[in-house]
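Peer 1:
Number of protein chains: 2
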Amino acid sequence: MATAEPDRPGFLLPLLLLAGFRTLIDDLHAELARQGHPELRPLHGFVLQAVGGDGTTATELGQRLGVSKQAAGKTVDRLVALGYLERADDPRDARRKLVRATPHGLDGLRRSAAVFDQLRQRWAATLGPDRVAALEDDLRAVTPANLFRLDVPGWFGG
Amino acid sequence: MATAEPDRPGFLLPLLLLAGFRTLIDDLHAELARQGHPELRPLHGFVLQAVGGDGTTATELGQRLGVSKQAAGKTVDRLVALGYLERADDPRDARRKLVRATPHGLDGLRRSAAVFDQLRQRWAATLGPDRVAALEDDLRAVTPANLFRLDVPGWFGG
DNA sequence: TAGGATCGTCAACGTGGCTGTCGAAATAGT
DNA sequence: ACTATTTCGACAGCCACGTTGACGATCCTA
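Here the protein sequences line up with chains F and Z, keeping their order. So that you can map any letter, position 73 of the first sequence is 208 in the working numbering, and since no number is skipped, the others follow by simple counting. So that you can map any letter, position 90 of the second sequence is 225 in the working numbering, and since no number is skipped, the others follow by simple counting.
#1: Output yes if chain Z places a C-beta closer than 8 Å to the C-beta of residue 271/F; else output no.
#2: Per DSSP, residue 233/Z forms a beta bridge with which residues?
#3: In the DSSP assignment, find the alpha helix (DSSP H) that holds residue 172/Z and state where it starts and stops.
#4: Is the segment 213 to 228 of chain F close to the segment 250 to 262 of chain F, with three or more CB pairs under 8 Å?
#5: The ligand NAP heavy atoms versus the CB of residue 181/F: any closer than 7 Å?
#6: Figure out for me which residue from 157/Z, 142/Z, 163/Z, 147/Z has the closest Cα to the Cα of residue 251/Z.
#7: Going by C-alpha to C-alpha distance, which of 144/Z, 230/Z, 280/Z sits closest to residue 194/Z?
#8: Is there a C-beta anywhere in chain Z that falls below 8 Å from the one on residue 238/F?
#9: If you compare alpha carbons, which of 292/Z, 145/Z, 154/Z is closest to residue 149/F?
#10: On the DSSP letters alone, give me the boundaries of the alpha helix (DSSP H) that residue 142/F sits inside.
#11: Kindly indicate if chain Z contains any beta-carbon less than 8 Å away from that of residue 277/F.
#12: For residue 218/Z and chain F, any beta-carbon pair shorter than 8 Å?
#13: In angstroms, rounded to a whole number, what distance separates the CA positions of residue 183/F and residue 188/Z?
#14: What separation, rounded to the nearest whole angstrom, lies between the Cα atoms of residue 289/Z and residue 177/F?
#15: Measuring only the C-alpha atoms, how far is residue 279/F from residue 158/Z?
#16: How big is the Cα-Cα spacing for residue 147/F and residue 225/F?
#17: Can you pull the chain F residues whose beta carbon is under 7 Å from the beta carbon of residue 193/Z, in chain order?
#18: Between which two residues does the alpha helix (DSSP H) carrying residue 181/F extend?
#19: Residue 191/F bridges to which residues according to DSSP?
#20: Is DSSP giving residue 272/Z helix, strand or coil here?
#21: Look at the Cβ atom of residue 185/Z, then the Cβ atom of residue 196/Z, and state whether they are nearer than 8 Å.
#22: Thinking residue 274/F and residue 151/Z are a contact (beta carbons under 8 Å), I'd like their distance in whole angstroms, please.
#23: Taking residue 263/Z as the reference, give the member of 206/F, 276/F, 205/F, 207/F with the closest Cα.
#24: At the level of alpha carbons, what is the spacing between residue 294/Z and residue 172/F?
#25: Flag residue 292/Z as yes if its beta-carbon sits less than 8 Å from any beta-carbon of chain F, otherwise no.
#26: With a CB to CB cut of under 8 Å and the five nearest residues on each side skipped, what residues in its chain are close to residue 203/Z?
#27: Following the continuous alpha helix (DSSP H) through residue 279/F, name the residue where it begins and the one where it ends.
#28: Please confirm if residue 185/F has its CB atom under 8 Å from at least one CB of chain Z.
#29: For residue 287/Z, which residues of its own chain have a beta-carbon under 7 Å away from its beta-carbon, when the five flanking residues on both sides are left out?
#30: On a CA-only basis, which of 166/Z, 165/Z, 223/Z is nearest residue 192/Z? Give me that one, please.
#31: Return no unless some Cβ of chain Z is closer than 8 Å to the Cβ of residue 145/F.
#32: Between residue 212/F and chain Z, is the shortest Cβ-Cβ distance under 8 Å, so that the two count as touching?
#33: Just to confirm, is the Cβ distance from residue 237/Z to residue 221/Z under 8 Å?
#34: Taking all protein chains shown into account, decide if residue 199/F is buried (16 or more other Cβ within 10 angstroms of its Cβ) or exposed.
See the structure below:
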């Protein structure tokens with residue numbers, strides 16, 4: 136068996152990945168709060184991304200996020216209450232309710248993308264652009280392709 | 136302003152970090168389930184680490200984890216019910232209840248460390264040892280030192 | 001037209017956060 | 001030494017997010 140390196144214990148790797156993720160998300164939301172979106176939670180940003188500019192339904196959203204349609208529906212309720220999403224009837228299928236981003240939601244979406252780009256550039260300025268690209272490539276090499284599972288609270292907790 | 140790279144949008148970085156974290160944690164718990172710890176949740180492993188071999192109190196645990204003493208107490212309750220932790224009176228301070236890992240808890244702790252080392256070696260085998268070390272160094276350079284905040288469910292959700 | 005799928009919602013529950021309160025016990029101050 | 005403050009752990013109540021199960025309404029198909 137290969138020897139473990141005592142000065143680089145394996146448990147640091149997940150902690151560093153989590154810390155990196157958390158740093159980015161916290162910085163994003165600090166900036167979004169300054170730009171008129173103080174109520175947006177980390178989860179909400181991802182849901183907004185999953186809804187996208189074209190809209191979806193609750194069931195489809197649940198599939199994209201890897202959660203049940205009921206859980207997706209509840210989250211949509213909250214984002215509707217916050218003014219980020221709206222529901223509309225589907226004229227072609229009376230069972231379905233289309234979920235769309237409101238103008239406020241689209242604004243949040245656009246600003247999120249811009250801030251994420253800025254944060255990536257900040258990392259590039261610190262580490263060098265090649266190291267950031269290498270980091271991305273390495274992570275892609277060791278993770279499965281189905282990245283987009285966002286049931287983090289339930290997954291991590293219980 | 137520096138130009139954003141269209142083929143490497145900023146929002147991928149947090150997704151890749153999260154995916155890396157999640158891959159490691161999922162692999163860990165799949166292996167722990169095989170080794171006699173099927174009930175251990177991701178959160179529980181970190182709590183166990185925070186308790187450590189010497190034991191603590193609920194309040195101190197809450198401070199280490201970045202959550203309230205009440206939340207820490209509840210989590211301790213569940214880990215006591217699962218047989219990973221136990222409470223004992225502090226003979227020097229009747230207010231305090233010492234929280235210690237049981238033999239079963241210490242077993243989980245040891246196995247977690249071993250599996251994390253193995254997973255890191257697996258990454259090193261895929262990427263090369265130098266890339267893994269570089270990844271760790273880079274992440275350390277862009278994240279604040281206070282990594283150890285584990286209120287992930289409440290933080291992400293909210 | 002009858003039967004089966006599918007969509008959204010309601011209800012109940014588990015887990016993990018939070019705040020506020022409170023009694024018991026330790027510590028500090030007079 | 002006695003009071004006042006602080007600290008610890010627990011209880012209660014609340015919110016966010018996840019789950020499963022059930023059930024009308026609607027659509028599709030046999």
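Even for Gly, the Cβ is constructed at its ideal location relative to N, Cα and C. Since the model is a prediction, treat every value here as computed from it, not as a measurement.
Peer 2: Based on what the coordinates show:
#1: yes
#2: 223/Z
#3: Neither: residue 172/Z is in no alpha helix (DSSP H) and is coded neither H nor E.
#4: no
#5: Annotation note on the ligand NAP: not contained in the displayed structure, which lists no ligands.
#6: 163/Z
#7: 230/Z
#8: no
#9: 154/Z
#10: Run containing residue 142/F: none; DSSP gives neither H nor E here.
#11: yes
#12: no
#13: 43 Å
#14: 10 Å
#15: 8 Å
#16: 49 Å
#17: Those do not exist, as residue 193/Z stays about 18 Å from chain F at its closest Cβ, beyond 7 Å.
#18: 177 to 186
#19: 234/F
#20: helix
#21: yes
#22: 4 Å
#23: 276/F
#24: What the structure shows of chain Z is the stretch from 136 to 293, and residue 294/Z is not part of that stretch, so it cannot be assessed.
#25: yes
#26: 197
#27: Looking at the DSSP string, residue 279/F is not in any alpha helix (DSSP H), and its letter there is neither H nor E.
#28: no
#29: none
#30: 223/Z
#31: yes
#32: no
#33: yes
#34: buried
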